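Undergrad: I'd like to ask you about the structure that follows.
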Amino acid sequence: MTPVEQTAVHPAVIEPDAAAGANGSRFIRACLRLPVDRTPVWFLRQAGRYMPEYMAVRRHHSLLDICRTPEIAAEVTITAAERLGVDAAIIFADLLLPFTPMGLDFEFVADEGPRVHAPIRTAEQVRALRTDRTDELLYVSRAIEKVAAHFAGPRADGDQLGIIGFCGAPFTLASYMIEGGSSRNYVETKRMMYGDGAAWGILMEKLVAVLSEYAAQQVEAGADCIQVFDSWVGALSVADYREYVLGPTTELIGRIRGLGVPVIYFGVDTASLLPAMRETGADVLGLDWRVPLDQAWRSLDHAVAVQGNLDPITLFAPEVVLHARVDEVLNAAAGRPGHIFNLGHGIVPGTPVEAVLQVVEQIKRRSL
Ligand code: CP3
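Mind the numbering: the sequence shown is residues 29 to 396 in the working numbering, read in order.
As structure tokens, then:
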């Protein structure tokens, strides 16, 4: 089990009063909508193929080897956070890792993405999914312990680095299980959702059981925040989101918040879903770049924190354009407590590292 010291170094913070003390990093304070000295910043997929340091490791190890070897996963996580000088480190792992202990084999195919060998299409297959082997995911927690130990002390500016654990949301993970990989129209996912309510309900329950236990392992290991990725939830109408997804997602987020850490709930193409997503009780909502940040935040009555929302492809734009776009995001946030700067989705391969560094510098220069 986790050594007691580890938990003490990264206290689980959710009460605003607790975060107001010396241990409240600017990242966690922003999650809780408390005032900060400057806007915290980190990047979705900050450890990835755009980064030469990651590719050097990747040459010798498969993606799954990296995820399953705590020493390497921790090294990749730490290297990216330190190289960029960001305020939070997200543990290097993948959304699909819980499939293995649930009894679903998959692989990552070069240039294609994940492929599940026997996609879930029937109620029998749903019933056969295992929920009793989540301990097999403890390698992720071992990596988090190493990252937490590395970042135990304050950095040069006196702030403590935030350590983000993560898991998928029920809808997005169900979509990979059912489609067998990435999808454009989610035909099979929606076929089960609309056509076999009993199977869909059991699938949601099983995912919530496994994901909440997996998140609890990560918090015990030292994660001081959990991001729940619902990357593809934008494929749903508001009515379908409410009918089929809001309940189990609220249950998952409620259980994670019950562990004493803030939850960031992230999706793409969610402008119309945001008010319903807020009902999950998440502390922070991730915004993609299609919606102006100020407009999105208003639609949420400023009652939650927001994370985002630079278009990741502006990192390929000329310096003046990139600079202007970053300023636009900061201006839209207007110094209101509860903004975490990030991209609207992950950094893509080929992104110049220099551009990412330039964004970090710009945010650090611009005090509130
Ligand atoms: O630094 C970080 O952001 C942490 C690492 C991380 C990975 N996957 C490693 C990875 C995170 C947070 C994820 C989450 C994840 N995995 C998501 C949600 C995030 C999002 O983009 O919305 C999703 C949808 C997955 C599933 C997944 N993994 C896909 C669809 C792919 C293939 C697409 C691609 O970019 O190639 C992966 C592979 C993957 N996971 C890579 C990395 C760094 C790239 C492949 C590689 O290194 O070989």
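Each residue gets a CB set at the ideal place from its N, CA and C atoms; glycine is no exception. Just so you know, these numbers come straight off a predicted model, no measurement behind them.
So, Val228 versus Tyr167, is the Cβ gap smaller than 8 Å?
TA: First, the amino acid is wrong: residue 228 is Trp here, not Val. Contact: no.
Undergrad: DSSP three-state call for Val154: helix, strand or coil?
TA: Note: Val154 maps to helix in three-state DSSP.
Undergrad: Short of 6 Å in beta carbon distance, which residues of its chain neighbour Leu239, apart from the five on each side in sequence? Order them along the chain.
TA: For Leu239, where only same-chain residues beyond five positions count, the Cβ hits under 6 Å are Cys195, Leu280.
Undergrad: Which runs of the beta strand (DSSP E) spanning at least 3 residues fall entirely within the segment 158-212, listed in chain order?
TA: Listed in chain order, they are 190-196.
Undergrad: Following a CB-centred definition, is Arg87 positioned closer than 7 Å to any heavy atom of the ligand CP3?
TA: Checking the Cβ of Arg87 against the ligand CP3 gives no.
Undergrad: Val266 to Ser300, Cα distance in whole Å?
TA: Using only the alpha carbons, I get a separation of about 7 Å.
Undergrad: Beta carbon of Asp122: closer than 7 Å to some heavy atom of the ligand CP3?
TA: Because some heavy atom of the ligand CP3 lies under 7 Å away, the Cβ of Asp122 counts as near it: yes.
Undergrad: Have a look at the DSSP bridge pairing and note the partners of Leu313.
TA: Leu313 pairs with Tyr293, Val334.
Undergrad: Using the C-alpha atoms, what's the distance from Glu241 back to Arg170?
TA: Straight-line Cα distance between these residues: approximately 15 Å.
Undergrad: Using a threshold of 7 Å, is the CB atom of Ile206 nearer than that to any non-hydrogen atom of the ligand CP3?
TA: The answer is no for Ile206.
Undergrad: Give a single yes or no on whether Ser203 has its beta carbon closer than 7 Å to a heavy atom of the ligand CP3.
TA: For the ligand CP3, not one heavy atom lies less than 7 Å from the Cβ of Ser203.
Undergrad: Tell me whether Ala135 sits in a helix, a strand or coil according to DSSP, three-state version.
TA: Contrary to the premise, residue 135 reads as Glu rather than Ala in this sequence. The answer is strand: DSSP assigns Glu135 an E or B state.
Undergrad: Any beta carbon from chain D within less than 8 Å of Thr278's own beta carbon?
TA: Given the protein chain composition of this structure (a single chain), no chain D is represented.
Undergrad: For Asp322, name the three-state secondary structure that DSSP assigns.
TA: The answer is helix: DSSP assigns Asp322 an H, G or I state.
Undergrad: In three-state DSSP terms, what is Phe127?
TA: Helix.
Undergrad: Based on Cα-Cα distance, which residue from Ile191, Ser210, Ile192, Gly193 lies nearest to Thr200?
TA: For Thr200, the nearest C-alpha among the options comes from Ser210.
Undergrad: Keeping to the same chain, check which residues put their C-beta closer than 7 Å to that of His145; ignore five residues upstream and five downstream.
TA: For His145, where only same-chain residues beyond five positions count, the Cβ hits under 7 Å are Asp133, Phe134.
Undergrad: Is there at least one non-hydrogen atom of the ligand CP3 closer than 7 Å to the beta-carbon of Arg158?
TA: Result no, Cβ not under 7 Å from the ligand CP3.
Undergrad: Quick check on DSSP: helix, strand or coil for His367?
TA: Here His367 sits in strand by DSSP.
Undergrad: Less than 8 Å between C-beta atoms, sequence neighbours within five positions excluded: which residues of the same chain meet that for Pro377?
TA: Here the set comprises Gly76, Arg77, Tyr78.
Undergrad: Between His373 and the ligand CP3, is the CB less than 7 Å from at least one heavy atom?
TA: Within the cutoff, so yes.
Undergrad: Report buried or exposed for Glu99, applying the criterion of at least 16 other Cβ atoms within 10 angstroms of its Cβ.
TA: Counting Cβ neighbours within 10 Å, Glu99 comes out exposed, since fewer than 16 surround it.
Undergrad: Around the Cβ of Gly223, are there at least 16 other Cβ atoms within 10 angstroms (buried) or fewer (exposed)?
TA: By the neighbour-count rule (16 or more Cβ atoms within 10 Å), Gly223 is not buried but exposed.
Undergrad: How long is the line joining the alpha carbons of Asp187 and Ala102, rounded to whole angstroms?
TA: C-alpha separation (whole angstroms): 20 Å.
Undergrad: What's the gap between the Cα of Arg394 and the Cα of Leu385?
TA: Their Cα atoms are separated by approximately 14 Å.
Undergrad: Would you say the beta carbon of Ser259 is closer than 7 Å to some non-hydrogen atom of the ligand CP3?
TA: It does: the Cβ of Ser259 is within 7 Å (strictly closer) of some heavy atom of the ligand CP3.
Undergrad: Starting from Ala116, trace the beta strand (DSSP E) both ways and give me its first and last residue.
TA: Start and end: 116-118.
Undergrad: Measure from the alpha carbon of Gln245 to the alpha carbon of each residue in Phe179, Glu173, Leu302, Pro303, then state which is nearest.
TA: Checked all of Phe179, Glu173, Leu302, Pro303; the closest Cα to Gln245 is Glu173.
Undergrad: May I ask you to check if the CB of Ser210 is nearer than 7 Å to at least one heavy atom of the ligand CP3?
TA: The answer is yes for Ser210.
Undergrad: How about the segment 82-98 and the segment 140-158: do they share at least three Cβ pairs that are nearer than 8 Å?
TA: With the cut-off at 8 Å, the segment 82-98 and the segment 140-158 do not touch.
Undergrad: Where does Gly372 fall in DSSP's three states?
TA: Here Gly372 sits in coil by DSSP.
Undergrad: With DSSP as the reference, please indicate the residues paired to Asp258 in a beta bridge.
TA: Asp258 is bridged to Gly295.
Undergrad: Report all residues from its chain with a CB closer than 7 Å to the CB of Ser203; omit the five preceding and five following residues, and keep chain order.
TA: The residues are Ser211, Tyr214, Thr217, Trp260.
Undergrad: Figure out for me which residue from Gly363, Gly193, Val175, Leu358 has the closest Cα to the Cα of Val285.
TA: According to the sequence provided, residue 285 is Arg. The question's Val does not apply to it. Nearest of Gly363, Gly193, Val175, Leu358 to Arg285, Cα basis: Gly193.
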